[in-house]
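Have a look at the structure below before the remarks.
Numbering (the numbering used here), first residue to last: -13 to 397.
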């Protein structure tokens, strides 16, 4: 056998034919029974074997290995493209952090070993990491917080670089913090910085109990997945900020009328028959006079003062809202019958017990209050709102600075 030139070995079909001929001739050699390792050993160890044929064989093996790697790479890209597409589609349709965490773990686990997996979010203003999602050996652990400066994740954020540890010996070179399953050592770990622009927002990590568990392709894939995850989390944070703005009043920090309507609807949906839903509607008696006499800045001070006092009164059963202008609403859910007049009086006394001070001068103010409850005074959400508004209207038009419980207008 012989070869014409090196170029002829680069044609895959030609190489395959020459490989078949070469193997067939070697099989025919005395003492060789077809074991591949023996064939290769024979090629290497037999000095008399033609160098040109030996070179052709190994050149062919190299080309076949390259083709195999290329096909393997195409398969890897195809499979991971599917995963990335599924992840992107999920993230585009959710503002739920838990869905993001779970989907990231689920899909990463399909393409690489994840004996351990976590997502750590860097809270720069607090100099700490919040780890909302952490899996170890199939078990999810509770969220934890660790200080910046501790562990591998601090190293990754500080250096803004990927950390790839392939053995336990490599891990020992770093000071690290352990949590989760501390009885078994992690021998391979990837720590990928989650970046947005110039800022490192956190770290995503996959870990294995085996050494050398991850390839460079795994590093690149986890880096891509990490990018999708942090952009999805950023979208959730933006959504939450917008939602908060849409449900909160800028001046007082209280929830607004839109939030009240939503919460009241929810209260009615959850009503089980043994509860009482109480509305206390309040209106300042002197806002217009304050605005006319001192200007709107002082009027805003009064609204802020009322808002601040109401925030102090909020609790598990009590929610407070700036309903409109200088009108405020309190939503109270209770399972114990309450004296509505007494409840409203306690709220009112707390609100007006200290005067508003303007340039050191105390300004006393009063409020009119209306109260109604479900199911005592109404059979529906709409009727409850109408009746509490009527109770407040009665207070405003009968001397102000008073409390009116719906149906008790003579008090």
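Quick reminder that beta carbons are idealized off the backbone N, C-alpha and C, glycines included. The model shown is predicted, which means the values in this text are computed figures rather than measured ones.
{"Check": "Are the CB atoms of residue 246 and residue 326 within a distance shorter than 8 Å?", "Outcome": "no"}
{"Check": "Locate the alpha helix (DSSP H) running through residue 95, then write down its first and last residues.", "Outcome": "83 to 97"}
{"Check": "Please go through the same chain and pick out, in chain order, the residues whose beta-carbon is closer than 7 Å to the beta-carbon of residue 188, but skip the five residues on each side of it.", "Outcome": "105, 106, 107, 108, 180, 216"}
{"Check": "Distance, Cα to Cα, residue 297 vs residue 306?", "Outcome": "7 Å"}
{"Check": "Going by other Cβ atoms of all chains shown within 10 Å of its Cβ, with 16 needed for buried, is residue 272 buried or exposed?", "Outcome": "buried"}
{"Check": "When you compare each of 206, 144, 171, 208 to residue 196 by their alpha carbons, which one comes out closest?", "Outcome": "171"}
{"Check": "Between residue 194 and residue 99, how many whole angstroms is the CB-CB distance? I'm expecting something under 8 Å.", "Outcome": "4 Å"}
{"Check": "What does a CB cutoff of less than 7 Å around residue 426 pick up in its chain, not counting 5 residues either side in sequence?", "Outcome": "In this structure the chain extends from -13 to 397, so residue 426 is not present and cannot be described."}
{"Check": "Sorted by chain position, which residues of the same chain lie with C-beta nearer than 6 Å to residue 264's C-beta, five sequence neighbours on each side aside?", "Outcome": "318, 359"}
{"Check": "Residue 186 and residue 143 look like a contact to me (Cβ under 8 Å); what is the Cβ gap, rounded to whole Å?", "Outcome": "5 Å"}
{"Check": "With a floor of 4 residues, list each alpha helix (DSSP H) that falls wholly inside the segment 243 to 299, ordered by position along the chain.", "Outcome": "243 to 256, 273 to 280, 282 to 299"}
{"Check": "Report whether the distance from the Cβ of residue 331 to the nearest heavy atom of the ligand NAD is below 7 Å.", "Outcome": "No copy of the ligand NAD occurs in the structure displayed, which carries no ligand at all."}
{"Check": "Return helix, strand or coil for residue 233, following the three-state DSSP convention.", "Outcome": "helix"}
{"Check": "Roughly how many angstroms lie between the CA atoms of residue 114 and residue 129, to the nearest whole one?", "Outcome": "13 Å"}
{"Check": "Of all the options 253, 66, 87, which has the alpha carbon lying nearest to the alpha carbon of residue 127?", "Outcome": "87"}
{"Check": "Select from 101, 267, 228 the residue whose C-alpha is nearest the C-alpha of residue 382.", "Outcome": "267"}
{"Check": "Have a look at residue 387 and residue 258 and give me their C-alpha separation to the nearest angstrom.", "Outcome": "35 Å"}
{"Check": "Count the other C-beta atoms from every protein chain shown that fall within 10 angstroms of the C-beta of residue 16, then say buried if there are 16 or more, exposed otherwise.", "Outcome": "Low per-residue confidence applies at residue 16: pLDDT is 44, beneath 50, and the placement is therefore not dependable enough to give any value."}
{"Check": "In terms of alpha-carbon separation, which member of 244, 255, 80 lies closest to residue 366?", "Outcome": "255"}
{"Check": "For the candidate residues 79, 120, 333, whose alpha-carbon lies nearest to that of residue 91?", "Outcome": "120"}
{"Check": "In three-state DSSP terms, what is residue 329?", "Outcome": "helix"}
{"Check": "Can you list, in chain order, the residues of its chain whose CB lies under 6 Å from that of residue 262, leaving out five sequence neighbours each side?", "Outcome": "320, 359"}
{"Check": "Three or more beta-carbon pairs under 8 Å between the segment 371 to 378 and the segment 277 to 297, yes or no?", "Outcome": "no"}
{"Check": "Considering only the beta carbon of each residue, do residue 214 and residue 392 sit closer than 8 Å?", "Outcome": "no"}
{"Check": "Here's the rule: buried if 16 or more other CB atoms are within 10 angstroms of the residue's CB, otherwise exposed. What is residue 218?", "Outcome": "buried"}
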